[in-house]
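Chemist:
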Amino acid sequence: TVDYLKWKKNDLGIFERYINSLAKVSLTNSSENEQKAFWIDTYNAITIYAVLKYIPANGLLAKLFSVQMVTGFFDKITYSVVGETLTLNDIENDKLRKSFHDPRVHFALVCASRSCPKIQNTFQEAGLDERLDSAARNFIQDTTKNRLDQKNSVFYLSEIFKWYGSDFIASTGTVVDFVKKYMGKEGSEYLSGHTVKIQYLFYDWLVNIKR
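Using the numbering used here, you'd call the opening residue of the sequence shown number 1 and step up by one each time.
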């Protein structure tokens with residue numbers, strides 16, 4: 001959970017200056033991993049900034065806030081980044097998914113909601129693969145996000161695996177094969193020896209605010 005109201009009160013200006021500085025960034029001489037880390041961090045910074053901008057200052061109302069209440073939060077509101085005018089969806093779909101074909105980014109991007117991956121420290125070129133593996137592992141093994149019911153052979157998965165199923169299938173052949181890579185030993189062995197029915201869990205868009 002995140003103390004958005006404290007950040008809104010004390011740090012909104014800092015976030016705003018940082019977001020404004022992104023317009024003049026150049027990625028011309030950046031490596032692939034530098035670019036990937038930049039776009040992940042940019043997506044997350046913009047998401048947090050937008051939440052700080054739109055979330056009510058009132059504590060009770062803030063707890064009822066959702067990014068879905070903001071018209072065009074992901075697909076209409078634009079930001080100037082690297083000389084381009086982009087929405088959050090543009091960054092996710094064009095700059096990350098189409099450019100890198102790395103489904104692990106889905107566990108590094110934050111949507112400021114209860115069901116999304118947890119906010120992490122900024123990503124860097126050094127150690128990026130390890131950080132992305134860790135993000136995938138932590139999300140997949142979080143039983144509030146994904147849960148394997150061995151007794152009934154049902155795998156309850158985050159809707160992230162439904163929305164972006166094609167990314168995971170392109171990577172490993174099936175969604176289950178991707179998830180299996182990041183499960184604990186017991187879960188991975190069970191999935192290797194059993195056929196499971198997949199059901200998707202309700203995605204909670206309520207803000208992941210400190211409560």
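Beta carbons are placed, not taken as given, at the ideal position from N, Cα and C, and that holds for glycine.
No experiment lies behind these values; they were computed from the predicted model shown.
1. Look at Gln68 and Trp163 and say whether their C-beta atoms are less than 8 Å apart.
2. Can you list, in chain order, the residues of its chain with a C-beta nearer than 7 Å to that of Thr28? Leave out the 5 residues immediately preceding and following it.
3. Please state whether DSSP places Ser171 in a helix, a strand or coil.
4. Rounded to whole angstroms, what's the CA-CA distance from Thr122 to His106? Just pull it up for me.
5. Spatial neighbours of Leu128 within its chain, please: C-beta separation below 8 Å, excluding the five flanking residues on both sides.
6. Name the DSSP beta bridge partners of Arg147, please?
7. Taking the continuous alpha helix (DSSP H) assigned at Lys9, which residues delimit it?
8. Please name the residue, chosen from Gln124, Tyr49, Asp149, Pro103, that lies closest to Asp167 on a Cα-to-Cα basis.
9. Given a cut-off of 8 Å, decide if Ala50 and Phe73 are closer than it, judged by their beta-carbon atoms.
10. Of the choices Lys53, Gln150, Leu96, whose alpha-carbon is the least far from that of Phe15?
11. Under 7 Å Cβ to Cβ from His194, same chain only, skipping five residues before and after it: list those, please.
12. Confirm, please, whether the CB-CB distance from Ile209 to Val70 is below 8 Å.
13. For Met183 and Gln141, which I take to be in contact (beta-carbon distance under 8 Å), what is that distance rounded to the nearest angstrom?
14. Can you tell me the Cβ-Cβ gap for Lys145 and Ser158, rounded? I've got them flagged as a contact below 8 Å.
15. What's the C-alpha gap between Ile55 and Asp75?
16. Give me the DSSP bridge partner(s) of Val110.
17. Please check the pair Leu22 and Val110, which I expect to be a contact at CB under 8 Å, by giving their CB distance rounded to whole angstroms.
18. In angstroms, rounded to a whole number, what distance separates the CA positions of Asn10 and Tyr4?
19. On the three-state DSSP scale, how would you describe Leu201?
20. If contacts are defined as beta-carbon pairs under 8 Å, then Phe155 and Leu148 qualify, I think. What distance do you get, rounded to the angstrom?
21. Just to confirm the assignment: which complete beta strand (DSSP E) runs, minimum length 3, are found wholly within the stretch 74-127?
Modeler: Reading from the atomic positions:
1. The residue you call residue 68 lines up with position 68 of the sequence shown. The residue you call residue 163 lines up with position 163 of the sequence shown. No.
2. In the sequence shown, residue 28 corresponds to position 28, counting from 1. If we look at Thr28 and ignore the five residues flanking it on each side, it has no Cβ neighbours.
3. Along the sequence shown, read from residue 1 onward, the residue named residue 171 stands at position 171. Here Ser171 sits in helix by DSSP.
4. Within the sequence shown, numbered from 1, the residue matching residue 122 stands at position 122. Within the sequence shown, numbered from 1, the residue matching residue 106 stands at position 106. Rounded to the nearest angstrom, the two C-alpha atoms are 15 Å apart.
5. The residue you call residue 128 lines up with position 128 of the sequence shown. The residues are Asn33, Lys36, Ala37.
6. If you number the sequence shown from 1, residue 147 lands on position 147. Its beta-bridge partners are Tyr156.
7. Along the sequence shown, read from residue 1 onward, the residue named residue 9 stands at position 9. Unbroken alpha helix (DSSP H) run through Lys9: 4-21.
8. Counted from its first residue, the sequence shown places residue 167 at position 167. When each option's Cα is compared against that of Asp167, the closest is Pro103.
9. Here residue 73 refers to the residue found at position 73 of the sequence shown. Here residue 50 refers to the residue found at position 50 of the sequence shown. Yes; because the gap between Cβ atoms is below 8 Å, this pair is in contact.
10. The count along the sequence shown starts at 1 and reaches residue 15 at position 15. The residue with the shortest Cα to Cα distance from Phe15 is Lys53.
11. Position 194 of the sequence shown, counted from the first residue, corresponds to residue 194. Excluding residues within five positions, the ones whose Cβ falls inside 7 Å are Ser153.
12. Translated into positions along the sequence shown, residue 70 becomes position 70. Translated into positions along the sequence shown, residue 209 becomes position 209. No.
13. Start at 1 with the first residue of the sequence shown, and residue 183 comes out as number 183. Start at 1 with the first residue of the sequence shown, and residue 141 comes out as number 141. Between Gln141 and Met183 the Cβ distance is about 7 Å, and since that is below 8 Å, they are a contact.
14. Indexing the sequence shown from 1 puts residue 145 at position 145. Indexing the sequence shown from 1 puts residue 158 at position 158. Yes, they are in contact, since the Cβ atoms of Lys145 and Ser158 sit about 5 Å apart, within 8 Å.
15. Sequence index remark: in the sequence shown, residue 55 carries index 55 (1-based). Sequence index remark: in the sequence shown, residue 75 carries index 75 (1-based). Answer to the nearest angstrom: the Cα atoms are 18 Å apart.
16. Residue numbering aside, residue 110 sits at position 110 when the sequence shown is read from its first letter. Its beta-bridge partners do not exist; DSSP assigns none.
17. As a working mapping, residue 22 is identified with position 22 in the sequence shown. As a working mapping, residue 110 is identified with position 110 in the sequence shown. In this structure, Leu22 and Val110 do not form a Cβ contact; the two beta carbons are roughly 17 Å apart against a cut-off of 8 Å.
18. Walking along the sequence shown from the start, residue 10 turns up at place 10. Walking along the sequence shown from the start, residue 4 turns up at place 4. So the two alpha carbons sit approximately 10 Å from each other.
19. What you label residue 201 is simply residue 201 of the sequence shown in a count that begins at 1. If DSSP states are grouped into helix, strand and coil, Leu201 belongs with coil.
20. Within the sequence shown, numbered from 1, the residue matching residue 155 stands at position 155. Within the sequence shown, numbered from 1, the residue matching residue 148 stands at position 148. Right, the Cβ-Cβ distance comes to about 5 Å (below 8 Å), so this counts as a contact.
21. 79-81, 84-86
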